[in-house]
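Visitor: Quick note: to get the working numbering, add 6 to the position in the sequence shown (first position is 1).
Note that CB positions come from ideal geometry on N, CA and C, so glycine has one too.
Pasting a structure here, questions to come.
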Amino acid sequence: MVLKFSRKGLLMLALMLVVVLAGCGAKSGGSIVEGKVNVVTTFYPIYEFTQEIGGADIHVINLLPVGVEPHDWTPRSQDIINTSKAQLFLYNGAGLEGWVPNFLKGLESGSKVQTVEVSHGVEYIMTDEATDNNDTLHTDPHTWVSPKSALIMAANIKDSLQSVDPEHKAGYEERYNQLAEKLQALDSKFQTELAKQPNHEIVVSHQAFAYLARDYGLTQHAIMGLSPDAEPRGQDMVALTDLVKKEGIKYIFFEELVSDKMAKTLAAEAGVSTMVLNPVEGLTQKQEKNGDNYFTLMEKNLQNLILALQ
């Protein structure tokens, strides 16, 4: 017997196969809870803000597993099933989750899930991603690393929850206001403390801090590009080494979810030390166990920046 498939059918079959194969990797957590407003989020900051605003009125499933870096992660077949049954799907956008368009095409027919790009309304930063062949303009997706942008994202989450669940609108508003107060206090602290520092140049392993730099008067120099697995060019490493020596930079920042090899190599060449600057893309197992969250990690970032910029 010869089976015939339409072109669209073959496309959907291929998509499902990719997602099923991706299911062999790290697992995300959670499943749909009947009788609740189910919200699926793509990675940690959106998950945390959604939990804080939603409280007991919602059930949140975060797709990205603990200890996994989001840039190259792909969803599993179970993630498609859960999202198809959810009321709300929240993703960062700005190019962070490149898998989202095909993922949404693969949702079950009849799914009523509302999809929201949480970074909508943030003034995006366009950056030249250098490669061996050319410089390509990309949108920097790391919006949440600045408390100012995080405020916009939190408001979008609140509006989305009120849209799918107007019955609990007042509760969402109240909890959003509490979260907004904390973000505003964090924003004010970054503004005040960083303005006091004599230096404003930072060298980071991964080009994830442009929004933080823009909003608080810093200049970011990155070893690698928007994706932390992008290989730096030899001439860029030489130029960064010269910059570190010329500007008297004391620390090269690295992050915990990706290799610190390049940061340590540059630090050794320039004769300086390394220190963590966390893009808060996700928690490590240790951080989750310790009860860390967006605010504790951003506070540690601020203290490390103060030390490095003195």
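Helix or strand or just coil, what does DSSP make of residue 187?
Guide: Mapped onto the sequence shown, residue 187 falls at position 181. It is helical.
Visitor: How far does the beta strand (DSSP E) with residue 95 in it extend, from its first residue to its last?
Guide: Translated into the one-based positions of the sequence shown, residue 95 becomes position 89. First-last of the beta strand (DSSP E) with residue 95: 94-97.
Visitor: Using 8 angstroms as the cut-off, can you tell me whether the stretch 301-316 makes contact with the stretch 162-171, which would need three or more C-beta pairs spanning the two stretches below that distance?
Guide: no
Visitor: Taking just the CA atoms, how far does residue 60 sit from residue 314?
Guide: Against the sequence shown, residue 314 aligns to sequence position 308. Against the sequence shown, residue 60 aligns to sequence position 54. One C-alpha to the other measures close to 37 angstroms.
Visitor: Relative to the C-alpha of residue 254, which residue among 145, 181, 186 and 207 is closest?
Guide: Along the sequence shown, read from residue 1 onward, the residue named residue 254 stands at position 248. The shortest Cα separation from residue 254 among 145, 181, 186 and 207 belongs to 207.
Visitor: Check whether the Cβ atoms of residue 151 and residue 286 lie closer than 8 angstroms to each other.
Guide: What you label residue 151 is simply residue 145 of the sequence shown in a count that begins at 1. What you label residue 286 is simply residue 280 of the sequence shown in a count that begins at 1. Yes, these two residues count as a Cβ contact at 8 angstroms.
Visitor: Do residue 91 and residue 38 count as a contact pair if the criterion is CB distance below 8 angstroms?
Guide: Your numbering for residue 38 matches position 32 in the sequence shown. Your numbering for residue 91 matches position 85 in the sequence shown. The answer is yes: Cβ separation under 8 angstroms.
Visitor: Which residue comes first and which comes last in the beta strand (DSSP E) that contains residue 226?
Guide: Along the sequence shown, one-based indexing puts residue 226 at 220. Here the beta strand (DSSP E) through residue 226 covers 225-230.
Visitor: Starting from residue 299, trace the beta strand (DSSP E) both ways and give me its first and last residue.
Guide: In the sequence shown, residue 299 corresponds to position 293, counting from 1. First-last for residue 299: undefined, no H or E at that position.
Visitor: Could you have a look at residue 170 and say whether DSSP puts it in helix, strand or coil?
Guide: Position 164 of the sequence shown, counting from 1, holds the residue named residue 170. The answer is helix: DSSP assigns residue 170 an H, G or I state.
Visitor: In angstroms, rounded to a whole number, what distance separates the CA positions of residue 307 and residue 280?
Guide: Reading the sequence shown from its first residue, position 301 is the one you call residue 307. Reading the sequence shown from its first residue, position 274 is the one you call residue 280. Going by the C-alpha atoms only, they are around 13 angstroms apart.
Visitor: Could you tell me the distance, in whole angstroms, from the CA atom of residue 257 to the CA atom of residue 211?
Guide: What you label residue 257 is simply residue 251 of the sequence shown in a count that begins at 1. What you label residue 211 is simply residue 205 of the sequence shown in a count that begins at 1. C-alpha separation (whole angstroms): 11 angstroms.
Visitor: Starting from the Cα of residue 123, find the closest Cα among 195, 131, 204 and 107 and give me that residue.
Guide: Locating residue 123 in the sequence shown gives position 117, counting from the first residue. It is 107 whose Cα lies nearest to the Cα of residue 123.
Visitor: How do the stretch 184-199 and the stretch 114-133 stand: do at least 3 beta-carbon pairs fall below 8 angstroms, yes or no?
Guide: The stretch 184-199, when compared against the stretch 114-133, does not touch it at the 8 angstroms Cβ threshold.
Visitor: How would you call residue 230, buried or exposed, if buried means at least 16 neighbouring beta carbons within 10 angstroms?
Guide: Here the question's residue 230 lines up with position 224 in the sequence shown. So residue 230 counts as buried.
Visitor: Closest to residue 85 by C-alpha separation, out of 181, 105 and 273, would be which residue?
Guide: For this step, residue 85 is matched to residue 79 along the sequence shown. The candidate whose alpha carbon is nearest that of residue 85 is 105.
Visitor: So, at 6 angstroms on beta carbons, what are the nonlocal neighbours of residue 193 in its own chain, with the 5 sequence-adjacent residues on each side left out?
Guide: Position 187 of the sequence shown, counted from the start, is the residue given in the question as residue 193. The answer, listed in chain order, is 153 and 154.
Visitor: May I have the straight-line CA-CA distance separating residue 167 from residue 102, to the nearest angstrom?
Guide: Along the sequence shown, read from residue 1 onward, the residue named residue 167 stands at position 161. Along the sequence shown, read from residue 1 onward, the residue named residue 102 stands at position 96. If I take the Cα positions, the gap works out to 22 angstroms.
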